[in-house]
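S.K.:
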Amino acid sequence: MISHMKGAARIPLLSVEEAKLAAEQIGLPAQMAELSVFRVLLRHPELCKAIFGLLSGLLFRGKLDARLRELVILRIGWATKSEYEWTQHWRVASQLGVSEADMLAVRDWRQSGRFGAAEHAVLAATDETLEQGAISPETWRACETELGSHENLLELVAAIGNWRLFSSLLRSLEIPLEDGVSSWPPDGVRP
């Protein structure tokens, strides 16, 4: 019988050592194996490999502007109440030089006044996908205007879908933050 203790992931995390060994066998970078989400996903190596393939393509070889991508991910984290996603990508966006004010503005981006047309287009696309399952024709035209290429448009749709998937995985599996990581940066405010 599989049991679940409150405060723990629904599927137990592998130890860091077990996760690194499993990661090595499927070609996942060792530093990724230290993250709680991969310490769970590596219990199913083939699934983990498939999920990581899309993730790494978008993060490390993507054409879509990294700042726009991170604003989309933070919006998904906020809108779906995914503490892990918000917290992890707060760090990633910070490392990419996204300002704290811009990251906080995704909480209520329509009212913030901080963003230009490109940000409005991708954030509208994100919200529409979360709320309706697809991007409206009007928002699609705005994304075409602002993103300019088919590659960028394809990546936007894939990024929204990928990080929506991650939000569902993280929340459904109750993936905990890594030890020592503060919740809901920078101010602990939750959606």
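For the sequence shown, the working numbering begins at 34 and goes up steadily by one.
Backbone N, C-alpha and C define an ideal beta-carbon position, used for all residues, glycine too.
#1: Should residue 39 go down as buried or exposed, given a rule of 16 or more other Cβ atoms within 10 Å for buried?
#2: Can you give me the Cβ contacts of residue 65 inside the same chain, cut-off strictly under 6 Å, excluding the 5 residues immediately before and after it?
#3: If I'm right that residue 188 touches residue 53 with Cβ under 8 Å, what's the distance once you round it to whole angstroms?
#4: Taking residue 215 as part of the alpha helix (DSSP H), name the residues at either end of that continuous run.
#5: What are the boundary residues of the alpha helix (DSSP H) that residue 222 is part of?
#6: Between the region 47 to 61 and the region 138 to 149, do at least 3 Cβ pairs fall closer than 8 Å?
#7: Throw me the rounded Cβ distance for the residue 197 and residue 142 pair, which I believe falls under 8 Å.
#8: With respect to the alpha helix (DSSP H) encompassing residue 125, which residues constitute its N-terminal and C-terminal limits?
#9: Compare the C-alpha of residue 112 against each of 41, 180, 162, 99 and name the closest.
#10: Who are the near neighbours of residue 103 in its chain, counting only those whose CB is closer than 7 Å to its CB and skipping five residues on each side?
#11: Helix, strand or coil for residue 96? Go by DSSP, reduced to three states.
#12: So, with DSSP's three-state summary, where would you put residue 140?
#13: Should residue 60 go down as buried or exposed, given a rule of 16 or more other Cβ atoms within 10 Å for buried?
#14: Give every residue of the same chain whose Cβ lies closer than 8 Å to the Cβ of residue 167, excluding the five residues on either side of it in the sequence, and list them in chain order.
#15: DSSP on residue 62, reduced to helix/strand/coil?
#16: With a threshold of 16 other CB atoms inside 10 Å of the CB of residue 203, please say whether the residue is buried or exposed.
M.R.: In short, the structure shows the following:
#1: Any reading at residue 39 needs caution, since the residue's pLDDT is 45, under 50, leaving its predicted position unreliable; the model's value is listed next. Looking at its Cβ environment, which holds fewer than 16 other Cβ atoms inside 10 Å, residue 39 is exposed.
#2: Within the same chain, residue 65 has close Cβ partners 71.
#3: Contact doesn't hold; Cβ gap of about 30 Å is too wide.
#4: That residue, residue 215, is in no alpha helix (DSSP H); it is neither H nor E in DSSP.
#5: Residue 222 -> no alpha helix (DSSP H), and no H or E assigned at all.
#6: With a cut-off of 8 Å on Cβ pairs, the region 47 to 61 is not in contact with the region 138 to 149, counting fewer than three such pairs.
#7: The Cβ separation is near 17 Å, so there is no contact.
#8: Annotation: the continuous alpha helix (DSSP H) that includes residue 125 extends over 116 to 128.
#9: Answer by Cα proximity: 162.
#10: Counting only Cβ-Cβ distances below 7 Å, and skipping sequence neighbours, we find 122, 125, 126, 129, 131.
#11: Reduced to three states, the DSSP call for residue 96 is coil.
#12: Three-state result, residue 140: helix.
#13: Classification for residue 60: exposed.
#14: Once the five neighbours on either side are set aside, the close Cβ partners of residue 167 are 161.
#15: Collapsing the DSSP output to three states places residue 62 in coil.
#16: With 16 or more Cβ atoms within 10 Å of its Cβ, residue 203 is classed as buried.
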